[in-house]
Amino acid sequence: MSNSADRKILALHGFAQSDAIFCSKTGGLRKELIKLGYEVCYPCGPVKLKRSDANSFQAETPPVQDIDVYGWYNAKEQNYSIETALESLRDYIIKNGPFVGILGFSQGCALGGYLCTGIRDILGLTEEQQPDLEFFIGFSGYRLPPKELYDRFDQHPPTIPSLHIMGELDTVTEESRVQELYDCFPIESRTLLKHAGGHFVPNSKSFVAKVATWIRALNYLSSASIPPTPNPPQSAEETPALEDELMDIIDSLGTA
Numbered sequence: 001m002s003n004s005a006d007r008k009i010l011a012l013h014g015f016a017q018s019d020a021i022f023c024s025k026t027g028g029l030r031k032e033l034i035k036l037g038y039e040v041c042y043p044c045g046p047v048k049l050k051r052s053d054a055n056s057f058q059a060e061t062p063p064v065q066d067i068d069v070y071g072w073y074n075a076k077e078q079n080y081s082i083e084t085a086l087e088s089l090r091d092y093i094i095k096n097g098p099f100v101g102i103l104g105f106s107q108g109c110a111l112g113g114y115l116c117t118g119i120r121d122i123l124g125l126t127e128e129q130q131p132d133l134e135f136f137i138g139f140s141g142y143r144l145p146p147k148e149l150y151d152r153f154d155q156h157p158p159t160i161p162s163l164h165i166m167g168e169l170d171t172v173t174e175e176s177r178v179q180e181l182y183d184c185f186p187i188e189s190r191t192l193l194k195h196a197g198g199h200f201v202p203n204s205k206s207f208v209a210k211v212a213t214w215i216r217a218l219n220y221l222s223s224a225s226i227p228p229t230p231n232p233p234q235s236a237e238e239t240p241a242l243e244d245e246l247m248d249i250i251d252s253l254g255t256a
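Using full-length UniProt numbering, you'd call the opening residue of the sequence shown number 1 and step up by one each time.
Structure, rendered in structure tokens:
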């Protein structure tokens, strides 16, 4: 894993939100991530939405009068494209990155999951500008529906650990769509976590603690997989025992 000073997480908001709204709605989670040594960065979607769009098409935050809201793309349009979103994120990463992980909600989760199929290839970045991602955290996410984007998950499946969170009362992103994105990630390093609410990012202490536990487990596993130098490497029995213990922690996360 990267040094704590380099640990930046790219946080992608949902449809009809903004960087400021998403930052506010993830306050509890953001504070916990800061304690773990991460900086959470919030870009804003490039598509400013009309009030009618925000009100009528699965707005992922109830619109507030006089507050501008954005999307990464407007799926209400018949022939929408994500190219503007990709250009915006490329510029943002060059200016503010690199990032070790992506955190996304709903439309932002869908876009973030897509980036996990090859962020440098998709955005035209060098390895120096953006090294390999280390993890993905997605709330109420799904596979991007246009065929050429949907198929990329099969052609270039993600290879990084992932945490997928869904609300049992979510009526915007169906459970089957969350499951579909979850299934794209490596079976040995993906985790599904449910909460009792709807279409939002939970901020309760108990829920945030579970996300923090998952990240700590990743950090420990990554450290254990690298033989220490100059000290002798761990015995063959120690590392599997550590991995088993940490995977038990992840498996016990259960429902928030």
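We put the CB at the ideal spot given by N, CA and C, even for glycine.
For residue i, the residue or residues it bridges with in DSSP
i: G138; result: G104, H164
i: K205; result: Per DSSP, none; premise fails for K205.
i: E32; result: Bridge partners of E32: none, in fact.
i: G71; result: V47
i: C41; result: L10
i: R190; result: S162
i: L195; result: Note on residue identity: the sequence assigns His, not Leu, to residue 195. Answer is G167, bridged to H195.
Bounding residues of the alpha helix (DSSP H) (the contiguous stretch that carries residue i)
i: residue 257; result: Given that the chain is displayed from residue 1 to residue 256, the structure contains no residue 257 and the question cannot be resolved.
i: K147; result: 147-150
i: A85; result: 83-96
i: I9; result: Where I9 is concerned, there is no enclosing alpha helix (DSSP H), although the beta strand (DSSP E) it sits in stretches over 8-12.
i: L123; result: 119-123
i: R177; result: 175-182
When the options are compared against residue i, the one with the closest alpha-carbon
i: D19; options: Q179, L192, V47; result: V47
i: A209; options: R177, L10, K25, L36; result: L36
i: Y80; options: Y42, L149, E32; result: L149
i: residue 290; options: E77, I82, L49; result: The requested residue 290 does not occur in the structure, where the chain is confined to residues 1 to 256.
i: F136; options: I93, R177, L181; result: L181
i: G45; options: Y38, I82, R51; result: I82
i: R90; options: G112, S106, Q107; result: G112
i: L221; options: G138, R152, E134, H195; result: E134
i: Q155; options: P202, Y42, S106, G118; result: G118
i: F99; options: Y114, G108, E127; result: E127
i: I93; options: T213, K147, G197, I9; result: I9
i: H13; options: V40, K31, R7; result: V40
i: C116; options: R152, K147, T84, A85; result: R152
i: S88; options: Y114, A75, L123; result: L123
i: F22; options: E77, N203, W214, N219; result: N203
i: I187; options: F207, V172, H164; result: H164
i: N74; options: S223, F15, R51; result: F15
i: S189; options: R7, T159, R177, E174; result: T159
Beta-carbon gap between residue i and residue j smaller than 9 Å
i: Q129; j: G97; result: yes
i: L103; j: A11; result: yes
i: Y70; j: A110; result: no
i: L192; j: Q179; result: yes
i: S106; j: S140; result: yes
i: A212; j: L33; result: yes
i: Q17; j: G167; result: no
i: K205; j: G28; result: yes
Whole-number beta carbon distance between residue j and residue i, since they are thought to touch under 8 Å
i: C184; j: P145; result: Not a contact, Cβ separation roughly 14 Å.
i: V201; j: K31; result: Not quite, the Cβ-Cβ distance comes to about 13 Å (not below 8 Å), so this is no contact.
i: L171; j: H199; result: First, the amino acid is wrong: residue 171 is Thr here, not Leu. Yes, T171 and H199 are in contact; Cβ-Cβ is about 7 Å, under 8 Å.
i: Y38; j: R7; result: 5 Å
i: L169; j: G197; result: 6 Å
N- and C-terminal bounds of the beta strand (DSSP E) containing residue i
i: E128; result: E128 -> no beta strand (DSSP E), and no H or E assigned at all.
Chain D contact for residue i (CB, 9 Å cutoff)
i: L115; result: Of the protein chains in the structure, only one exists, and it is not chain D.
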